[in-house]
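Protein chains in written order, with my numbering: chain A, 1 to 243; chain B, 1 to 243.
To keep things clear, I will list the structure first and then write my remarks on it.
Have a look at this one:
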C-alpha cells in the first residue's frame, strides 16, 4: 500500500489548492467530505478519488492513503471522519426542467446550500445561477446543501442570458420584492415556472424585476423588513407547488 | 473627552469577556454591533452603553470613546462600523402570547437567528428555548436574527417545564417528524398554538413528541431526507397562520 505522509507532497499541495475557487475553476475539480455528501457525489458519478487515513478502507474508486494530518489540511470541518473525496465539476447543463430556481447574486454559502436542499425537496431540479453568485463548489455551501446540488441541472451565466433563455422557453417568471408587489395568491401557475431569488442585502436585480411575469410579497408583519433568503425561497416554492 | 486607547484597560478586558456565554450569564450583559441591531436594542430598552471610535458621535446613552483597535477586539465581524453596543439581558418573561415557537435543542446560531426573524414576521412573539439550545446572545445568532429577538418574550427552561407550562395553558402543540406524522392539512387551529422545532440532526426530543397534539410532515420529494430547520420552522408558521 502506498501512503503519502508528507504535507509537502506535490499531489497533496495541488489538492489543497482546490480550497480556492480560482483553482477549482481551472482544474474542474472540487473537494468534499462527510459520508452523506460522498454518497451523493458517488450516486451522481462525480467522485473520482478518495483520500483516507483509514488503512483498511476499500473502494472501487481510486484511493490514496494519507495521514490524519493531511486529511485535516484538506478538510474544512474539524471532524472530517478520515475521508476526503475529490470530484469533477460537471459541465453546464442544457436541460431545463419544468421548475427552475434562479439565484440572482446570492452571497451566503449557507443560504444557497439551504435553498438547494429545499429546491430538491420541492422538485425544482434546475438551478440557474448568475456569475456573481457564490461558487456552488464552496465547501460550506456543499455542507449546507447536503450534496443535493450534485443531482441538479446547473446553468451558470450572467442574469441577462439566463432571463433570455427563460423567456425563449416560455417560463412564467416569479420573483419577490417589497415594492409594487402582489399577493402570492395572484400567481397564475400552469406550466413551466421559474422563481428568482435575490441577493441577501439588495434583493433581486433590476433586470430580473423587469423580466418577471409577477412580483410577489410574502404576507408578514410590518415590523419585519424581510425574511432570510433561504426562508423566502422555500415559502415561494412550497406555496406555488400547491397551485 | 475621555478616550480609552489601551487594549489592556480593565473595563475593556471585562467587556471582551462578554464574548463568552459563561461571562454573559454571570454579568447579565451582551455585546452587539451594526446600526440596525443597535436600533432594535434601543427600541427595546436593552442598550446601556455605546463604545465608538468616532469622536464626533453623540448619543443619549452613556458613551465610551475608544480606538479602532478596541472596536475590532470587541467586534465579531470584520467591519463593525466603529460602533459596539453593550446591552442588558432581559429577565425571563412570564408572558405567553397566542402563538409560541419552541426551540428544542437547536445548535446552529444562524438557523436560530433565521427562525427568530421568521417568528417575528409571522406573529410568533413568544420564544421558548430549552436549556441545551444555543445561547440567544451569541453574536452570530443576533446578526442572523437582525435583532428581532430583543422584542420577543423569552422563556428558557428544560423541555419538561416548557411543555408542562404549554399544557397547563391549553396550547395546541404542533411538531414535525418523519415517522408517524400527518399532513399539515390536519392541523386543527383554533386558539393558542405552539410549534416545536427540533435539533438539526436528531430532530425533536421524545418528550416533545409525546406531548404534541399533532405531529406533521411537510410534503416533499422522497429524495430529500429533511429540510433545513429554519426552513421547516418558517413553513410550519406560515402554513398554520393561513388556517
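Beta carbons are placed, not taken as given, at the ideal position from N, Cα and C, and that holds for glycine.
Please confirm whether residue i and residue j have their CB atoms less than 9 angstroms apart.
i, j, result
"residue 123(B)", "residue 146(B)", "no"
"residue 114(B)", "residue 230(B)", "yes"
"residue 159(A)", "residue 213(A)", "no"
"residue 176(B)", "residue 232(B)", "yes"
"residue 32(B)", "residue 85(B)", "yes"
"residue 180(A)", "residue 218(A)", "no"
"residue 139(A)", "residue 19(A)", "yes"
"residue 105(A)", "residue 77(A)", "no"
"residue 221(B)", "residue 120(A)", "yes"
"residue 111(A)", "residue 200(A)", "yes"
"residue 148(B)", "residue 117(B)", "yes"
"residue 167(A)", "residue 211(A)", "yes"
"residue 142(A)", "residue 12(A)", "no"
"residue 55(A)", "residue 1(A)", "yes"
Measuring straight from C-alpha to C-alpha, what distance separates residue i and residue j?
i, j, result
"residue 188(B)", "residue 243(B)", "8 angstroms"
"residue 3(A)", "residue 205(A)", "50 angstroms"
"residue 128(B)", "residue 154(B)", "6 angstroms"
"residue 239(B)", "residue 59(A)", "45 angstroms"
"residue 152(A)", "residue 134(B)", "33 angstroms"
"residue 102(A)", "residue 162(A)", "8 angstroms"
"residue 195(A)", "residue 237(B)", "22 angstroms"
"residue 157(B)", "residue 65(B)", "38 angstroms"
"residue 92(A)", "residue 5(A)", "36 angstroms"
"residue 26(B)", "residue 95(A)", "57 angstroms"
"residue 144(B)", "residue 51(A)", "35 angstroms"
"residue 109(B)", "residue 23(A)", "31 angstroms"
"residue 190(A)", "residue 107(A)", "31 angstroms"
"residue 228(B)", "residue 79(A)", "21 angstroms"
"residue 241(A)", "residue 30(A)", "33 angstroms"
"residue 224(A)", "residue 165(B)", "28 angstroms"
"residue 202(B)", "residue 202(A)", "35 angstroms"
"residue 14(A)", "residue 14(B)", "45 angstroms"
Which residues in the same chain have their Cβ closer than 7 angstroms to the Cβ of residue i, if we skip the five residues on either side of it in sequence?
i, result
"residue 46(B)", "87, 88, 90, 150"
"residue 97(B)", "125, 126, 153"
"residue 209(B)", "175, 177, 215"
"residue 53(A)", "66, 67, 68, 71, 82"
"residue 57(B)", "63"
"residue 7(B)", "69, 70, 73"
"residue 207(A)", "159, 160, 163"
Please confirm whether residue i has its beta-carbon closer than 9 angstroms to some beta-carbon of chain B.
i, result
"residue 275(A)", "Look at the range of chain A in this structure, 1 to 243, and you will see that residue 275(A) is not part of it."
"residue 120(A)", "yes"
"residue 231(A)", "yes"
"residue 186(A)", "no"
"residue 238(A)", "yes"
"residue 228(A)", "yes"
"residue 38(A)", "no"
"residue 54(A)", "no"
"residue 144(A)", "yes"
"residue 190(A)", "no"
Let me see if you follow: with CB-CB separation under 9 angstroms, is residue i close to chain A or not?
i, result
"residue 234(B)", "yes"
"residue 178(B)", "no"
"residue 225(B)", "yes"
"residue 197(B)", "no"
"residue 44(B)", "no"
"residue 219(B)", "yes"
"residue 241(B)", "yes"
Starting from the C-beta of residue i, find all residues in its chain whose C-beta is less than 8 angstroms away, skip the five residues before and the five after it, and write them out in chain order.
i, result
"residue 28(B)", "88, 89"
"residue 183(B)", "216, 217, 219"
"residue 16(B)", "73, 74"
"residue 186(A)", "214, 216"
"residue 21(A)", "135, 137, 138"
Looking at the ligand GDP, does it come within less than 8 angstroms of residue i, judged from the CB to the closest heavy atom?
i, result
"residue 206(B)", "Because no ligand of any kind appears in the structure shown, any question about the ligand GDP cannot be addressed here."
Among the residues of its own chain, which have a CB less than 6 angstroms from the CB of residue i, if the five just before and after it don't count?
i, result
"residue 62(B)", "49"
"residue 192(B)", "98, 171"
"residue 198(A)", "104, 204"
Inset, instruction - Compile a chain-ordered list of the residues in the segment 123-139 of chain B whose CB is closer than 8 angstroms to at least one CB of chain A. - result: 123
Inset, instruction - Return the residues of the segment 147-168 of chain B that lie within a Cβ-Cβ distance of less than 8 angstroms from chain A, sorted by chain order. - result: 148, 151
Legend entry - Near-chain A residues of the segment 97-120 of chain B - C-beta to any C-beta below 7 angstroms: 110, 114, 117, 118, 120
Inset, instruction - Report the residues of the segment 67-100 of chain A with a CB closer than 7 angstroms to any CB of chain B, ordered along the chain. - result: none
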